[in-house]
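Here the structure comes first, spelled out in structure tokens, and everything after it is commentary.
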Amino acid sequence: MINRAMALKTFLVFGGGLFLLILLTWIHINQGNISIPVWTVFEAVFSPEDTLEHHTIRVLRLPRAVMGIVAGGALAVSGAVLQTVTKNPLSSASTLGIHSGTYFAVIVTTIFFPFAMIMNGIITAFIGGVVTFLIVYILSGGGDATPVRMVLAGMIVTFLFSSLTSVLQIFYENETQGLFLWGSGTLVQNSWDGVRFALPVVTAAFLLLLGAARKLDTLKLGDEVATALGQNVKAVKFVTIILSVLLTSVTVSVVGPIGFVGLVAPHIIKLIGFRSHVPLLLGSFLWGAVVLLMADVLARYIDPSFSELPVGAITALIGAPWLIWLVLRMKRSGNTDGGSVMAGSSLVQMRLRVLLPIFSILVLLVLFVSMSTGNYGFDPAQTIAVFQGEAESFIRNYILELRLPRAIVAFTSGAILAVSGLIFQGVLRNPLADPSVIGITSGAGVGALLTMYVFSVSAAWIPLGAMAGAIVFFIIVMALGAKMEFQPTMLALLGIGVSAFGQAIIQILVVRADLGVASALTWLSGTTYATGYGEWLSYLLWPVLLLIPVLFFYIRKLDVLALGDDTAKGLGLDVRSVRFQMALIATLLAASSVAAVGAIGFIGLIAPHAARLFVGTVNQRLLPVAMMIGGLLLVVADLFSRTLLAPAEIPSGILVAVLGAPYFLWLMKRRSA
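Written out as structure tokens, the structure is:
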């Protein structure tokens, strides 16, 4: 019976996988902008002639299909090895940030060191991938890292490198022309050059990993047992990680960063029952090719026009739910990290009647500096003259109609995001919570883009679209969070999956809407550019007038929730109702900010933590201080966004992410230490 069961599993994995691969390859070759009869395709493959149809098949479609097989197999094998070496079932090149590091390295080299882009940039991509893995591995605790902390570190490193990459793409649009689609993952090939380059490297690395399969089997027994059996554990880990990063680097250098294939394919093989690394690696390669080809077929089925949907977005649509399922499965198996990153405690206890006037003066000072600063430097005399009524009409209008409303929008958006983050952290008992981290911001972005470019309604409907998208994602996050009993770090992992799903939809909408690369990246990163009284009145003023006063009455209930659900219920609090109501308010606040300034992250994470340093953990004291700090952060980011590289502008959201990501990593490092 055991032999029959194993034979059936082997047949399903390899026989079924091979059949699917052949079928998908045939469908893939038959897809295209030009309809070619099936028999012509058959002749082009097996009996080629010097005709346009045959050249189209052999030079454009076949290389793309073969590249999909090679890239999918390489990414899957890389993921399987990383999962074994890191003892982390969630490991892959995308979840550990390796993709973002390789992509950033390629972009930097393309812009500043184009002479180093030899061999398709594989050397640069390889170095970037290795460095990124080391950063994530060290920051998550090294050998003591839990799967949850490692993936969280990978997420934040991805945010950081993605922000830096976006800056470079915005300011060097000509140098990086054509890299936006490639940066989202695409199998488009115009010749066999990509296959000729990648196939030998992938084959060599794959064969070497197959040769190390028994050593990888030994690693699964634990480092101490492997050492006792004569294995040089450090050497095995070093070599296999290098080969895994090499597989990722060669695929990124040809087809761009394509996520989640390395997560999905190995788990398919493991779920069927294979644990030994020879069948695991062989099966992963086969099913990785199946997953990637299937994603490319779906991409061209969804959009059969000349505009290419990034296949990386389709794999994210497939892989993000898979990641969520794996996290839920970890909860059922008890393999969780129930702790959280330290929320922080007060360093300087100050009374509100002292602190609020100080912050108010600081806000007015920063607003004055913002109004007085432009492309030509800091000129406070002009601003003073404006308020004294002595300035020219042009200068008066420039300061009062452009700079001042923009600064007001930035302050209000920052304050709103800070309040949203504070509520989420209290409701979910999760100091990692932030509208961007748990996926609410990406949901609002999906809703706003659907409103603008799919339903083609007037701009007045954009905030409603953003709110609808945010509420849908909020319901998903809350439902999943309830299953995880709102464990802080596990909920953050679920947020990664939900956010990745939303970002994939956003990528597809950007391509379908044919947005310019720079404008798309700017909006997606969050920007206060060209905002004014219109955005403030339409999107931001009403949440402040309607929702913030309500919170001053509700906020004490967050302190009761912090005692735990059982204690809160014992004190008479309807925990489920309060949690839902307050999280809904936080969602509406985040959505209004997205409608006004786009997807700006980390304000809701940083501001509440910074506020705790001054007033402790009582939420009634935290609320006004967090608002002040959040507003200040975004006004300062707005100021630097238009002055650092004047006359060009950096999206404010990117500057906030560059500051927020290291802070998040510091919090993680502080806990792991």
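Quick note, my numbering runs 4 ahead of the 1-based positions in the sequence shown. Just so it is clear, CB atoms sit at the ideal spot from N, CA and C, and this is done for glycine as well.
Span of the alpha helix (DSSP H) around residue i
{"i": "Q35", "result": "Where Q35 is concerned, there is no enclosing alpha helix (DSSP H), given that its DSSP letter is neither H nor E."}
{"i": "Q624", "result": "623 to 647"}
{"i": "I139", "result": "126 to 143"}
{"i": "Y176", "result": "Y176 -> no alpha helix (DSSP H), and no H or E assigned at all."}
{"i": "F398", "result": "397 to 402"}
{"i": "L555", "result": "545 to 558"}
{"i": "T44", "result": "42 to 50"}
{"i": "A80", "result": "66 to 89"}
{"i": "L247", "result": "237 to 259"}
{"i": "T60", "result": "From DSSP, T60 is part of no alpha helix (DSSP H); its letter is neither H nor E."}
{"i": "G449", "result": "444 to 453"}
{"i": "W291", "result": "281 to 306"}
{"i": "I262", "result": "Looking at the DSSP string, I262 is not in any alpha helix (DSSP H), and its letter there is neither H nor E."}
{"i": "I601", "result": "Residue 601 is actually Val in this sequence, not Ile. Its alpha helix (DSSP H) spans residues 579 to 601."}
{"i": "P612", "result": "607 to 619"}
{"i": "L211", "result": "197 to 215"}
{"i": "D569", "result": "569 to 574"}
{"i": "R410", "result": "408 to 431"}
{"i": "D227", "result": "227 to 232"}
Residue i burial status per 10 Å Cβ neighbour count (16 or more: buried)
{"i": "M10", "result": "exposed"}
{"i": "T231", "result": "exposed"}
{"i": "M346", "result": "Note that M346 scores a pLDDT of 42, beneath 50, so its modelled location is shaky; the value from the coordinates is reported in the next line. The residue in question, M346, is exposed, as its Cβ has fewer than 16 Cβ neighbours within 10 Å."}
{"i": "V17", "result": "buried"}
{"i": "T377", "result": "buried"}
{"i": "N92", "result": "buried"}
{"i": "T445", "result": "buried"}
{"i": "A665", "result": "buried"}
{"i": "N236", "result": "exposed"}
{"i": "G576", "result": "exposed"}
{"i": "Y107", "result": "buried"}
{"i": "Q507", "result": "buried"}
{"i": "R560", "result": "exposed"}
{"i": "S344", "result": "A caution first: S344 carries a pLDDT of 43, below 50, which makes its placement in the model too unreliable to give a value."}
{"i": "V598", "result": "buried"}
{"i": "P118", "result": "exposed"}
{"i": "H59", "result": "exposed"}
{"i": "Y305", "result": "exposed"}
{"i": "D300", "result": "buried"}
{"i": "G520", "result": "With a pLDDT of 49 at G520, under the threshold of 50, the modelled position of this residue cannot be trusted; read the value that follows with caution. So G520 counts as exposed."}
{"i": "P655", "result": "buried"}
{"i": "S98", "result": "buried"}
{"i": "G226", "result": "exposed"}
Nearest candidate by alpha-carbon position, reference residue i, set the options
{"i": "L138", "options": "G187, V367, I475, V249", "result": "V249"}
{"i": "V85", "options": "F644, P270, L327", "result": "P270"}
{"i": "G83", "options": "K224, I122, G292", "result": "G292"}
{"i": "A534", "options": "A414, L360, I427, L663", "result": "A414"}
{"i": "V258", "options": "V205, A299, L214", "result": "V205"}
{"i": "F372", "options": "V390, L356, L360, Y543", "result": "V390"}
{"i": "Y380", "options": "T571, A665, R646, Y667", "result": "R646"}
{"i": "M631", "options": "Y558, G620, I552", "result": "I552"}
{"i": "L541", "options": "S188, I127, T416", "result": "T416"}
{"i": "G447", "options": "G425, N434, I479", "result": "I479"}
{"i": "M334", "options": "T591, L168, T150", "result": "T150"}
{"i": "R410", "options": "L313, V370, Q386, G536", "result": "G536"}
{"i": "L223", "options": "L233, L214, F201", "result": "L233"}
{"i": "V564", "options": "I589, L550, R580, V554", "result": "R580"}
{"i": "T252", "options": "D300, M159, T128, I318", "result": "T128"}
{"i": "G443", "options": "G485, L649, L213", "result": "G485"}
Strand pairing of residue i, partner residues [DSSP]
{"i": "F382", "result": "T377"}
Touch test, the segment 470 to 487 against the segment 449 to 459, Cβ-Cβ under 8 Å, three pairs minimum: yes
Cβ contact (3+ pairs, closer than 8 Å) linking the segment 92 to 103 and the segment 257 to 271: yes
contact_flag[the segment 401 to 411, the segment 622 to 629] where n(CB pairs < 8 Å) is 3 or more: no
Three CB pairs or more closer than 8 Å across the segment 63 to 79 and the segment 25 to 32: yes
Any 3 or more C-beta pairs closer than 8 Å across the segment 233 to 249 and the segment 271 to 284: no
Meets three-Cβ-pair contact criterion under 8 Å: the segment 187 to 206 and the segment 327 to 334: no
Three or more C-beta pairs below 8 Å linking the segment 656 to 670 and the segment 161 to 175: yes
Three-pair Cβ contact test at 8 Å for the segment 494 to 509 versus the segment 422 to 437: yes
Cβ contact check for the segment 591 to 610 and the segment 421 to 430: 3 or more pairs under 8 Å: yes
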